[in-house]
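A.B. asks: If you scroll down you'll find the structure; I have some questions about it.
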Amino acid sequence: MDHDKALRRSKEGLQSEEGPELRKQVQDLSLILEKINLTEYITYLNNPRRLLLLNFGVGLVRGLGGAIGATILLGLLAMFLKNLVLLNLPVIGGVIGELVELVNAHNGY
Numbered sequence: 337m338d339h340d341k342a343l344r345r346s347k348e349g350l351q352s353e354e355g356p357e358l359r360k361q362v363q364d365l366s367l368i369l370e371k372i373n374l375t376e377y378i379t380y381l382n383n384p385r386r387l388l389l390l391n392f393g394v395g396l397v398r399g400l401g402g403a404i405g406a407t408i409l410l411g412l413l414a415m416f417l418k419n420l421v422l423l424n425l426p427v428i429g430g431v432i433g434e435l436v437e438l439v440n441a442h443n444g445y
């Protein structure tokens with residue numbers, strides 16, 4: 337019985353002055369939810385297999401990118417150190433020369 341009264345009051349409230357404003361707010365909220373693809377996100381979260389596979393792929397790509405980036409940076413650093421040795425700077429050249437020799441020995445050059 338109380339439920340019927342509450343339902344009648346809510347219907348009356350929608351027909352009063354607040355009705356059009358409330359209806360507009362609900363429509364605006366609906367448009368916002370469509371723009372942010374909330375339904376797709378909820379579907380994504382409800383599929384654990386897809387979630388695991390996608391996160392595994394993202395982790396794999398991040399790791400590979402980090403390894404490639406570190407390789408490039410270390411290669412550039414080695415080239416810079418070799419060029420610094422060629423300048424024959426007194427103190428720095430000897431230390432860097434030893435470092436370059438260690439790297440070359442490790443790589444088999």
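To convert, take the position in the sequence shown, counting from 1, and add 336; that gives this note's numbering. Even for Gly, the Cβ is constructed at its ideal location relative to N, Cα and C.
Which ranges would you report for the alpha helix (DSSP H) in the segment 375-439 if only whole runs of at least 4 residues count?
C.D. replies: The qualifying runs are 384-422.
A.B. asks: What's the gap between the Cα of residue 355 and the Cα of residue 397?
C.D. replies: For the purposes of this step, residue 355 is identified with residue 19 of the sequence shown, where counting begins at 1. For the purposes of this step, residue 397 is identified with residue 61 of the sequence shown, where counting begins at 1. Spanning the two alpha carbons is a distance of roughly 51 Å.
A.B. asks: Kindly confirm or deny that the segment 388-402 and the segment 410-424 touch, where touching means at least three C-beta pairs closer than 8 Å.
C.D. replies: No, they do not touch.
A.B. asks: Which same chain residues end up closer than 7 Å to residue 428 when comparing Cβ atoms and leaving out the 5 residues on each side of it in sequence?
C.D. replies: Your numbering for residue 428 matches position 92 in the sequence shown. Once the five neighbours on either side are set aside, the close Cβ partners of residue 428 are 420.
A.B. asks: Could you check whether residue 387 and residue 380 sit closer than 8 Å to each other, using their CB atoms as the reference points?
C.D. replies: As a working note, residue 380 is residue 44 in the sequence shown. As a working note, residue 387 is residue 51 in the sequence shown. Cβ atoms of residue 380 and residue 387: closer than 8 Å.
A.B. asks: DSSP on residue 444, reduced to helix/strand/coil?
C.D. replies: Counting from 1 along the sequence shown, the entry for residue 444 is found at position 108. Looking at residue 444 - three-state DSSP - the assignment turns out to be coil, as it is neither helix nor strand.
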